[in-house]
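Residue numbers (the working numbering), protein chains in the order written: chain Y, 3 to 198; chain L, 3 to 198.
The beta-carbon is built from N, C-alpha and C at its ideal position, and this holds for glycine as well.
Since the structure is predicted, the reported quantities are computational estimates derived from the model, not experimental observations.
Comments concern the structure below.
2 protein chains.
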Amino acid sequence: MTPLRVLLADDHTMLREGLRRSLAGHGIEIVGEANDGKAALDQAASLKPDVILMDVTMPILNGIDATRQIRRTVPGCAVVMLSMHGETEMRSQAAKAGAADYLVKDCSTDDIVAAIYKAAGMPPPETDSKVLTHREAEILQMIADGKGTSEAAAALFISLKTVKNHLASAYAKLDAADRTQAIVKAAKLGIINLDV
Amino acid sequence: MTPLRVLLADDHTMLREGLRRSLAGHGIEIVGEANDGKAALDQAASLKPDVILMDVTMPILNGIDATRQIRRTVPGCAVVMLSMHGETEMRSQAAKAGAADYLVKDCSTDDIVAAIYKAAGMPPPETDSKVLTHREAEILQMIADGKGTSEAAAALFISLKTVKNHLASAYAKLDAADRTQAIVKAAKLGIINLDV
DNA sequence: ACAATTTTGGGTCATTCGACCTATGTAGAA
DNA sequence: TTCTACATAGGTCGAATGACCCAAAATTGT
């Protein structure tokens with residue numbers, strides 16, 4: 003019922019925003035973001051997230067060392083490590099530091115979601131909040147970002163009619179009377195994201 | 003810059019929601035709500051809010067006793083007491099327990115805001131995010147809550163035209179092209195609230 | 001008392017929106 | 001293969017929306 007509370011720890015803002023977007027709609031709530039290992043440590047203590055998605059290479063304090071300390075000081079937080087490459091060496095170090103999992107950054111969103119739930123000791127919510135199709139959610143997100151119907155159509159290289167159809171379908175599924183309600187409801191469900 | 007983190011402790015859900023609404027748009031973030039004194043104690047420790055708005059009469063553990071314990075265990079949290087009545091007796095007990103202020107529940111939102119900032123040792127943000135007039139924000143909130151234009155008009159006993167005018171005015175101030183963008187922007191600014 | 005702001009109300013206009021309908025191609029599942 | 005779901009695209013139609021004007025109470029501040 004209550005969404006998994008996740009902390010993002012990565013020094014790349016762009017990647018964090020991408021993750022924030024990608025993880026929306028999977029019952030995952032991003033409760034905080036950290037730029038470096040030290041910040042991750044602090045936020046882990048104060049926010050007590052269920053899971054921390056932590057990059058290996060970060061300034062000030064690297065992800066491995068941060069994980070080791072977090073596992074000691076905040077044992078309730080599971081840590082999923084992210085890395086650019088899949089070096090065996092790193093994997094074992096991460097495991098030794100107490101990481102629940104180790105992912106390479108080019109894996110799919112579903113992989114990340116699965117790893118997060120596995121780390122939290124929960125099964126992924128399957129069809130849970132997957133009320134909307136990818137396309138519907140994508141278009142709804144663009145509307146929430148301030149694009150108009152025709153702008154969304156242009157950006158996606160599809161017809162205005164198609165955008166309207168997807169929106170209409172989304173409204174029906176969300177039981178929303180208009181796009182404003184749809185945005186609000188989708189945001190509440192975590193299907194789209196109003197941040198950034 | 004960063005909003006004041008406030009915890010609401012009151013056993014009346016309705017009053018909490020009202021406060022949540024009222025305090026939006028004053029640079030105040032409601033980080034949690036508690037139903038009773040014990041929950042307030044727990045959440046004060048875990049959330050470490052800047053200020054706690056605490057009712058005097060609550061089940062399990064009353065507000066005065068909860069305040070006393072919180073002031074001892076989480077000295078960083080200032081406590082503003084709320085009461086139905088302004089008994090002198092209570093006031094002095096609250097002060098003795100370490101409350102920063104004591105408000106009667108029929109005071110205005112501005113009074114509460116002022117008390118919260120005073121308790122946090124900060125000046126209220128004056129004209130800060132007061133981009134919209136009360137009426138504009140009120141109507142925008144109703145739209146966000148799923149009401150249509152005419153429903154809002156009916157609820158406020160004013161003309162449909164007036165509602166449209168307020169909305170148009172709000173759009174202009176928020177630099178929003180339509181109501182959806184206006185809702186999103188207003189929510190980001192904390193002027194309205196998408197929760198509840 | 002006066003000025004400024006807010007709230008209220010009106011009108012017109014083109015544009016957009018959402019409801020309702022059908023239809024095609026492409027997947028994937030049974 | 002057949003069936004289902006999805007994405008794509010079109011049409012029509014009435015209603016709602018937003019842009020652009022305007023003005024008069026009511027409130028507030030000075």
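Three or more beta-carbon pairs under 8 angstroms between the stretch 63-82 of chain Y and the stretch 90-100 of chain Y, yes or no? yes
Our contact map puts A121(L) next to V76(L) with C-beta atoms below 8 angstroms; I'd like the distance itself, whole angstroms only. A121(L) to V76(L), Cβ: 14 angstroms. No contact.
Would you report the Cα separation of A47(L) and I72(L), rounded to the nearest angstrom? 8 angstroms
Do three or more CB pairs link the stretch 7-18 of chain L to the stretch 172-186 of chain Y at distances below 8 angstroms? no
Identify which residue in L169(L), L6(L), G39(L), K40(L) has its Cα closest to the Cα of L134(L). Per the Cα distances, L169(L).
Assuming the contact rule is C-beta atoms closer than 8 angstroms, I194(Y) and L142(Y) should be a hit. Round their C-beta distance to whole Å, please. 5 angstroms
Closest Cβ-Cβ distance between S152(Y) and chain L: below 8 angstroms? no
Could you check whether L21(Y) and L55(Y) sit closer than 8 angstroms to each other, using their CB atoms as the reference points? yes
Does DSSP put D44(L) in a helix, a strand or coil? helix
At a CB distance below 9 angstroms, what residues from the stretch 74-105 of chain Y approach chain L? Give them in sequence order. none
Mind checking if A2(L) is an interface residue toward chain Y, Cβ cutoff 8 angstroms exclusive? Since the first residue of chain L shown is 3 and the last is 198, residue 2(L) is not available in this structure.
Measure the Cβ-Cβ separation of K166(Y) and A178(Y) and say whether it is below 8 angstroms. Judged by beta-carbon spacing, A178(Y) lies beyond the 8 angstroms limit of K166(Y), meaning their Cβ atoms are not closer than that value.
Using the C-alpha atoms, what's the distance from M144(Y) back to E35(L)? 32 angstroms
Cβ-based neighbour list, L162(Y), same chain, cut-off 6 angstroms, excluding 5 preceding and 5 following: S152, A155
Less than 8 angstroms between the CB atoms is what I'm expecting for A69(Y) and M83(Y), so what's the real figure, rounded? According to the sequence displayed, residue 69(Y) carries Thr and not Ala. T69(Y) to M83(Y), Cβ: 7 angstroms. Contact.
Cβ-heavy atom distance between S48(L) and the ligand FAD below 7 angstroms? In the structure on display, the ligand FAD does not appear, and there are no ligands present to speak of.
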